[in-house]
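Asker: Here the sequence shown stands for residues 7 to 575, numbered as in our numbering.
We treat Cβ as the ideally placed atom computed from N, Cα and C, and that holds for glycine.
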Amino acid sequence: MRKPVVPDLPESCDLLIVGSGAAGMAAAISARHHGLSSVIIEKSDVFGGSTAVSGGAIWVPGNPLAAAAGMTDSREAARTYIKGETGNLFNAELVDAFLDKGPEAIGFFHEKTALKLAHRAYSPDYHSDAEGATEGGRSLDADDYDGRKLGADLYRMRPPIADFTILGGMPLGRPDIFHFLRMARSVKSATYATKTVLRYLRDRVTHGRNTRLVMGAAVSGRLAETVFALGIPLCTGHELIGLARDETGRVTGAEVKGPKGLRRIAARHGVVLAAGGYPQNPAKRAETFDHVKRGLPHYSMSPGTGTGGAIAAAEAIGAAFVDTNANGGFWTPVSLLRNTDGSVRPFPHLFLDRAKPGVIAVGHDGQRFVNEASSYHDFVQGLIAKLLAEGQRSAWLVADHRAVRRYGLGAAHAFPARIGKHIASGYLKRDATLDGLARQCGIDPAALETTVRAFNAGAVRGEDAAFGKGATSYQRYLGDAENKPNPCLRPLEGPFYAIEIFPGDIGTSMGLDVTAEGRVKDRQGQPIPGLFACGNDINSIMSGAYPGPGITLGPALVFGYVIGQVAAQ
7 MRKPVVPDLP ESCDLLIVGS GAAGMAAAIS ARHHGLSSVI IEKSDVFGGS
57 TAVSGGAIWV PGNPLAAAAG MTDSREAART YIKGETGNLF NAELVDAFLD
107 KGPEAIGFFH EKTALKLAHR AYSPDYHSDA EGATEGGRSL DADDYDGRKL
157 GADLYRMRPP IADFTILGGM PLGRPDIFHF LRMARSVKSA TYATKTVLRY
207 LRDRVTHGRN TRLVMGAAVS GRLAETVFAL GIPLCTGHEL IGLARDETGR
257 VTGAEVKGPK GLRRIAARHG VVLAAGGYPQ NPAKRAETFD HVKRGLPHYS
307 MSPGTGTGGA IAAAEAIGAA FVDTNANGGF WTPVSLLRNT DGSVRPFPHL
357 FLDRAKPGVI AVGHDGQRFV NEASSYHDFV QGLIAKLLAE GQRSAWLVAD
407 HRAVRRYGLG AAHAFPARIG KHIASGYLKR DATLDGLARQ CGIDPAALET
457 TVRAFNAGAV RGEDAAFGKG ATSYQRYLGD AENKPNPCLR PLEGPFYAIE
507 IFPGDIGTSM GLDVTAEGRV KDRQGQPIPG LFACGNDINS IMSGAYPGPG
557 ITLGPALVFG YVIGQVAAQ
């Protein structure tokens with residue numbers, strides 16, 4: 007295999023983009039399309055940011071792909087839905103810009119770049135029973151991508167997170183998950199799984215890694231193909247140190263630290279900050295996450311380089327940071343896997359286990375505290391409230407043997423994967439009885455028995471009187487359609503398993519204050535000339551709410567596209 011080559015940092019360009027996730031690459035591509043020379047710098051030695059290891063969903067209401075398929079949606083319905091989600095934090099300026107430019111941006115990327123997309127005909131918004139919500143069409147996915155098209159640059163792209171893969175590095179896309187979970191019960195699924203594994207094994211022999219890119223990796227790979235085709239330098243291993251301004255206060259370039267030391271690059275049309283927020287900055291999290299202020303643990307799934315350097319550089323020249331969102335991050339519950347050196351790494355419980363029949367969540371007091379089938383963001387809001395009320399630092403997912411082997415539980419994958427190593431490590435607790443399981447976990451045994459008995463009584467009828475698990479189309483969508491009468495409910499029967507869970511995130515929601523054109527505002531509310539931002543470096547247009555799958559990547563692409571237009575004017 008050819009060794010990838012990192013391009014030298016040019017002395018100047020029209021538009022400098024900081025960050026190589028979806029937002030940064032979108033801005034670079036859009037700017038180049040509108041006549042500007044672009045340069046991307048990336049702090050990490052690999053490009054793709056958190057996009058490359060994400061689920062890859064892109065939420066854009068009224069997008070042209072859904073419309074072409076005959077699906078009906080309206081700008082007014084989407085606006086109503088977002089307004090209901092964000093309440094008195096509704097940011098009309100940014101939401102209106104997103105809804106107005108979203109369809110145009112998606113059309114541009116789908117038609118003019120390698121980012122080929124498909125809409126989800128059925129993928130309910132997270133609060134599918136709310137006014138303005140839809141059952142499908144708003145979420146898009148990138149088509150699977152052949153990473154071999156990137157040549158040697160494939161090895162500069164952020165690889166999949168090992169814990170999310172099987173067979174030592176094979177990631178699973180949405181269709182893959184469907185078939186792999188059913189391969190023991192379906193000839194069609196078994197055939198699909200066999201072909202997919204054989205492709206992966208061939209890739210390992212010939213390329214040393216997977217070349218079939220799925221979900222967020224497909225988004226990154228497809229955008230990167232266009233970046234390279236347009237001749238846009240993507241300089242990995244180059245960190246933003248500070249922003250340069252002229253005598254009028256206009257941002258005209260940046261100080262960058264790279265393999266050749268500290269250098270300055272001039273940017274005639276300005277600088278775009280798209281470096282992914284500050285999820286891996288413990289001090290900033292402690293300032294902006296209320297539960298961290300109050301002593302609760304917190305773990306982020308974002309890449310370790312997401313320390314907020316771009317935000318800090320903007321604040322150093324007077325940029326405004328918004329810290330008033332309902333939630334400081336996009337939450338997900340996580341469990342902790344132990345590394346060989348004794349440290350831990352988080353594993354997210356997004357959608358594969360919690361909503362399934364045979365699974366509940368309880369506190370150390372043995373009581374359920376949340377609808378387990380709610381979105382990961384909503385689940386953690388309930389988890390945080392429980393931990394603060396109970397004075398504990400963690401809670402537990404409890405499941406029975408049938409659920410664990412059929413769907414998996416956290417990093418303990420479904421059959422035929424072996425789970426013995428997770429039991430041996432203590433990550434997965436197991437016991438024949440609820441009493442024994444509770445004593446292993448430090449859960450009140452009598453209370454857990456009572457909770458499961460009450461849950462089972464309703465689950466037989468497909469009812470959850472306590473929290474309504476499986477009550478909405480979104481929740482049922484995440485369940486098991488073969489499970490009747492409710493896809494999310496079934497009585498728990500021994501033997502039993504449990505995994506300890508904590509608050510975590512997949513990114514930060516608070517960030518720089520920007521205009522509808524992506525211009526960064528100063529603390530007096532005025533745009534800073536020559537400074538733009540998009541992606542998770544800006545304050546989320548959802549103001550800390552999480553309305554549906556892809557509400558980070560959707561705005562990232564849209565505002566990256568808008569900035570490319572505006573900077574060229």
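Skipping 5 residues on each side, what residues in its chain have a beta carbon closer than 7 Å to that of G364?
Answerer: Taking the first residue of the sequence shown as position 1, residue 364 is located at position 358. Result list for G364: A405, D406, R408, A409, R496 and L498, in chain order.
Asker: Which runs of the beta strand (DSSP E), 3 residues or longer, sit entirely within the stretch 229–260?
Answerer: Runs found: 240–242 and 245–251.
Asker: With H, G and I counted as helix, E and B as strand and the rest as coil, what does DSSP make of Y382?
Answerer: Locating residue 382 in the sequence shown gives position 376, counting from the first residue. It is helical.
Asker: Does the stretch 273–287 come within contact of the stretch 74–91, defined as at least 3 CB pairs closer than 8 Å?
Answerer: Not touching, per the Cβ criterion.
Asker: Compute the distance between the beta-carbons of G175 and A168, then report whether it is under 8 Å.
Answerer: To locate residue 175, count along the sequence shown from 1; it is residue 169. To locate residue 168, count along the sequence shown from 1; it is residue 162. In this structure, A168 lies closer than 8 Å to G175 by Cβ.
Asker: Which class does A391 belong to by DSSP, given the choice of helix, strand or coil?
Answerer: Translated into positions along the sequence shown, residue 391 becomes position 385. Correct three-state label for A391: helix.
Asker: Residues in the same chain with beta-carbon distance under 6 Å from D20, minus the five sequence neighbours each way, listed in chain order, please.
Answerer: Your numbering for residue 20 matches position 14 in the sequence shown. Closer than 6 Å at Cβ, skipping near neighbours: L42, S43, R274 and H275.
Asker: Exposed or buried, N287, counting other C-beta atoms within 10 Å across all chains shown (16 or more means buried)?
Answerer: To locate residue 287, count along the sequence shown from 1; it is residue 281. Label assigned to N287: buried.
Asker: Would the beta-carbon of I23 be found less than 7 Å away from any heavy atom of the ligand GTP?
Answerer: Only the bare structure without any ligand can be found here, which leaves the ligand GTP out of the picture.
Asker: Would you check if the distance between the CB atom of P566 and the CB atom of A33 is smaller than 8 Å?
Answerer: Reading the sequence shown from its first residue, position 560 is the one you call residue 566. Reading the sequence shown from its first residue, position 27 is the one you call residue 33. The question names Pro, but residue 566 in the sequence shown is Gly. The answer is yes: Cβ separation under 8 Å.
Asker: When the Cα atoms are used, what is the spatial distance from F104 to A562?
Answerer: Counted from its first residue, the sequence shown places residue 104 at position 98. Counted from its first residue, the sequence shown places residue 562 at position 556. Distance between the alpha carbons of F104 and A562 is about 10 Å.
Asker: Rounded to the nearest angstrom, what separates G314 and T456 at their Cα positions?
Answerer: Position 308 of the sequence shown, counted from the start, is the residue given in the question as residue 314. Position 450 of the sequence shown, counted from the start, is the residue given in the question as residue 456. In a straight line, the C-alpha of G314 is about 46 Å away from that of T456.
Asker: Report the residue ranges of all alpha helix (DSSP H) runs contained in full by the stretch 454–491; include only those spanning at least 4 residues, in chain order.
Answerer: Entirely contained in the stretch 454–491, the alpha helix (DSSP H) runs reaching 4 residues are, in chain order, 479–484.
Asker: What residue range does the beta strand (DSSP E) around Y503 cover?
Answerer: Taking the sequence shown and counting its residues from 1, the one referred to as residue 503 is at position 497. F502 to T514 is the span of the beta strand (DSSP E), which, as asked, contains Y503.
Asker: From which residue to which residue does the beta strand (DSSP E) around F96 run?
Answerer: Here residue 96 refers to the residue found at position 90 when the sequence shown is read from its first residue. No beta strand (DSSP E) holds F96; DSSP gives it neither H nor E.
Asker: Apart from the five residues just before and just after V12, which ones in its own chain have a Cβ nearer than 8 Å to its Cβ?
Answerer: Along the sequence shown, one-based indexing puts residue 12 at 6. Excluding residues within five positions, the ones whose Cβ falls inside 8 Å are R162, C241, T242, G243 and P265.
Asker: Would you call the stretch 144–154 and the stretch 547–557 touching, i.e. three or more CB-CB distances under 8 Å?
Answerer: Yes, they touch.
Asker: Can you give me the C-alpha to C-alpha distance between E488 and V225, rounded to a whole angstrom?
Answerer: Along the sequence shown, read from residue 1 onward, the residue named residue 488 stands at position 482. Along the sequence shown, read from residue 1 onward, the residue named residue 225 stands at position 219. Their Cα atoms are separated by approximately 31 Å.
Asker: Among the residues of its own chain, which have a CB less than 8 Å from the CB of P354, if the five just before and after it don't count?
Answerer: Locating residue 354 in the sequence shown gives position 348, where the first residue counts as 1. Taken in chain order, the residues that qualify are M307, T338, P339, V340, Y382, G510 and I512.
Asker: Report the rounded CA-to-CA distance for G426 versus I47, giving the unit in angstroms.
Answerer: For the purposes of this step, residue 426 is taken as the residue at position 420 of the sequence shown. For the purposes of this step, residue 47 is taken as the residue at position 41 of the sequence shown. Roughly 43 Å between the two C-alpha positions.
Asker: What would DSSP say about G55, mapped onto helix, strand or coil?
Answerer: Residue mapping note: residue 55 aligns to position 49 of the sequence shown, counting from 1. Reduced to three states, the DSSP call for G55 is helix.
Asker: Could you compute how far the alpha carbon of G259 sits from the alpha carbon of N492?
Answerer: Along the sequence shown, one-based indexing puts residue 259 at 253. Along the sequence shown, one-based indexing puts residue 492 at 486. Computed Cα separation, rounded: 57 Å.
Asker: Rounded to a whole number of angstroms, what is the C-alpha to C-alpha distance between H39 and Q532?
Answerer: Within the sequence shown, numbered from 1, the residue matching residue 39 stands at position 33. Within the sequence shown, numbered from 1, the residue matching residue 532 stands at position 526. Whole-angstrom Cα-Cα distance: 28 Å.
Asker: Buried or exposed: where does L22 fall if 16 or more other Cβ atoms within 10 Å of its Cβ makes it buried?
Answerer: Here residue 22 refers to the residue found at position 16 when the sequence shown is read from its first residue. Label assigned to L22: buried.
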